[in-house]
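Engineer: Take this structure, written in structure tokens, and hold onto it; I'll ask about it next.
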Amino acid sequence: MRRVEAEVPHRHLASFGSRPTEEARLAKAVDGNASPARGGSCLRGHGGTSRDPVIPGNGGREFHETAAGDAASVHDDGLYCPVSELKGDEPRTAERLMKSPDFTGENLRGFKATDNPDFIDDYKRTYDAVAGPTAWTSPRLNMDRMLNQIQRHIYDKDGIDFTVLDLTGASGAQIDEVFKSLDKLASNPGMHPKNTLIILGGRY
Amino acid sequence: MAADVVFTEESPWYTNSHTWGRITEYASNRADEPASGDRQDYLDTLGVDFTFMPDDKAVEVASWLSGVIERMLAEGEIGSGETDREHAQALIRKLHSEMQLRAVRR
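If you read the sequences in order, they're chains F and R. Numbering-wise, the first sequence is residues 54 to 257 according to my numbering. Numbering-wise, the second sequence is residues -11 to 94 according to my numbering.
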């Protein structure tokens, strides 16, 4: 049984790590709108992707333009909406994400266009949110479907920079199942994550 | 949240919460259609997963959802841009493919 840590507002798998918040903010201050790469100091084997071209000339740091970010110009406000205008659990998940120490994107907006992830940050990095209170507390929740979706978004889906797994509202048993699945996937040398996982939700 | 439509053979169709919310809302508002049955029960916050449905139900849900998306396109409820239209049409094509596959199995 996985130990439940009360008072811990989130857990970010070390193997899916991202650049620390302060470092990203410093990077933005120095480099304007350049995107902090996921290939930062916390990235330990997993969490990177080879699809993002690195922009050279950033004083030793690596910055990239994401594939999804390129596809959707942040200058076109018609593509986006405030996260408060999103439906269901999404606005609260966005709030939780922005409060997470693992979030280095300054602000989030929602995507309106259909062929896009859920959120985009100030660095044009994109986020897909999965799970959330409505899903966890649904009497019709199919746990196999949920685990499959989490796996798909981390290991199969292209064009996103972060998968945001919101465990808010999940029971202890559900959380145990999720981490059992994540641990199994992470221990499989044949599985290579396509984006960085951020986990939200207290009491686990 | 991000929603996936998962097919037996076709690759999954992905969309964001904004779009999926509009689709499910539109589908709910069309619940006055005759014999809507329990088809909407297969649309949830995760999306739709045809691999968890028996053949009969998969054909029924795919046909119904395809009709929902087609009406949304026709009414301009979805697909305001060319990319969005193509994305929605890709879903319709995948749904038709699922219907054919499952119909043969029945």
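All C-beta atoms, glycine included, are put in the ideal place defined by N, C-alpha and C. Nothing here was measured: the structure is a model prediction, and the numbers come from that model.
Look at the alpha carbon of G185/F and the alpha carbon of L235/F, and state the distance between them as a whole number of angstroms.
Structural biologist: On the first sequence, position 132 is the one that residue 185/F refers to. On the first sequence, position 182 is the one that residue 235/F refers to. Linking G185/F to L235/F through their CA atoms gives a straight-line distance of about 17 Å.
Engineer: Below 8 Å between beta carbons is the criterion; list the residues of the segment 172 to 188 of chain F that meet it against any residue of chain R, in chain order.
Structural biologist: Using a CB distance below 8 Å, the part of the segment 172 to 188 of chain F facing chain R consists of D181, A182, V183, A184, G185, T187, A188, ordered along the chain.
Engineer: Going along the segment 33 to 52 of chain R in order, which residues come within less than 8 Å of chain F, judged by CB to CB distance?
Structural biologist: T33, L34, G35, D37, F40
Engineer: Near G254/F, what residues of its chain come up, given a Cβ to Cβ distance below 6 Å and the 5 sequence neighbours on each side ignored?
Structural biologist: For the purposes of this step, residue 254/F is taken as residue 201 along the first sequence, with counting starting at 1. Here the set comprises D219, L220, T221.
Engineer: Report yes or no: is there a C-beta of chain F within less than 8 Å of the C-beta of D(-8)/R?
Structural biologist: The residue you call residue -8/R lines up with position 4 of the second sequence. So yes, D(-8)/R belongs to the interface.
Engineer: Contact defined as beta carbons within less than 8 Å: I believe W1/R pairs with L79/R. What is the distance between those atoms, to the nearest angstrom?
Structural biologist: For the purposes of this step, residue 1/R is identified with residue 13 of the second sequence, where counting begins at 1. For the purposes of this step, residue 79/R is identified with residue 91 of the second sequence, where counting begins at 1. So it is a contact: roughly 5 Å between Cβ atoms.
Engineer: Kindly indicate which three-state DSSP category D219/F falls into: helix, strand or coil?
Structural biologist: Against the first sequence, residue 219/F aligns to sequence position 166. Three-state DSSP puts D219/F in a strand.
Engineer: Indicate whether the contact test is met: 3 or more Cβ pairs, each with one atom in the segment 168 to 175 of chain F and one in the segment 131 to 145 of chain F, closer than 8 Å.
Structural biologist: yes
Engineer: Based on Cα-Cα distance, which residue from S5/R, S51/R, G67/R lies nearest to S85/R?
Structural biologist: Counting from 1 along the second sequence, the entry for residue 85/R is found at position 97. With distances taken between CA atoms, S85/R lies nearest to S51/R out of S5/R, S51/R, G67/R.
Engineer: Just to confirm, are D(-8)/R and Q202/F a CB contact at a threshold of 8 Å?
Structural biologist: The residue given as residue -8/R occupies position 4 in the second sequence. The residue given as residue 202/F occupies position 149 in the first sequence. Cβ atoms of D(-8)/R and Q202/F: closer than 8 Å.
Engineer: In chain order, what residues of the same chain lie with their CB nearer than 6 Å to the CB of I66/R, ignoring the 5 residues before and after it?
Structural biologist: The count along the second sequence starts at 1 and reaches residue 66/R at position 78. So the list reads M60, A76, once near-sequence residues are dropped.
Engineer: Taking 8 Å as the threshold, find out whether the segment 134 to 149 of chain F comes into contact with the segment 235 to 249 of chain F through three or more Cβ pairs.
Structural biologist: no
Engineer: Can you find a CB in chain F that lies within less than 8 Å of the CB of T(-4)/R?
Structural biologist: For this step, residue -4/R is matched to residue 8 along the second sequence. False, the Cβ-Cβ gap to chain F never drops below 8 Å.
Engineer: Could you tell me which residues DSSP pairs with L161/F in its beta bridges?
Structural biologist: Residue 161/F sits at position 108 when you count from the first residue of the first sequence. Looking at the DSSP output, L161/F shares a beta bridge with D174/F.
Engineer: Report the residues of the segment 199 to 211 of chain F with a CB closer than 8 Å to any CB of chain R, ordered along the chain.
Structural biologist: Answer set for the segment 199 to 211 of chain F: M199, N201, Q202, R205, H206, D209, K210.
Engineer: Any heavy atom of the ligand SAM closer than 7 Å to the Cβ of V183/F?
Structural biologist: Annotation note on the ligand SAM: not contained in the displayed structure, which lists no ligands.
Engineer: V92/R: buried (16+ other C-beta within 10 angstroms of its C-beta) or exposed?
Structural biologist: Indexing the second sequence from 1 puts residue 92/R at position 104. Answer is exposed; the Cβ neighbour count stays below 16.
Engineer: Could you pull out every residue in the same chain whose Cβ sits closer than 8 Å to the Cβ of R10/R, ignoring the five residues on either side in sequence?
Structural biologist: One-based indexing of the second sequence puts residue 10/R at position 22. Result list for R10/R: M60, E65, I66, in chain order.
Engineer: Starting from the Cα of A(-10)/R, find the closest Cα among Y180/F, M151/F, F156/F, P154/F and give me that residue.
Structural biologist: Here residue -10/R refers to the residue found at position 2 of the second sequence. Closest in C-alpha terms to A(-10)/R, from the list Y180/F, M151/F, F156/F, P154/F, comes Y180/F.
Engineer: Can you tell me whether G55/R is helix, strand or coil according to DSSP?
Structural biologist: For the purposes of this step, residue 55/R is taken as the residue at position 67 of the second sequence. In this structure, G55/R counts as helix in the three-state DSSP scheme.
Engineer: 8 Å is my cut-off, CB to CB: does S191/F come that close to chain R?
Structural biologist: Looking up residue 191/F in the first sequence gives position 138. For S191/F, the answer is yes, since a Cβ of chain R falls inside 8 Å of its Cβ.
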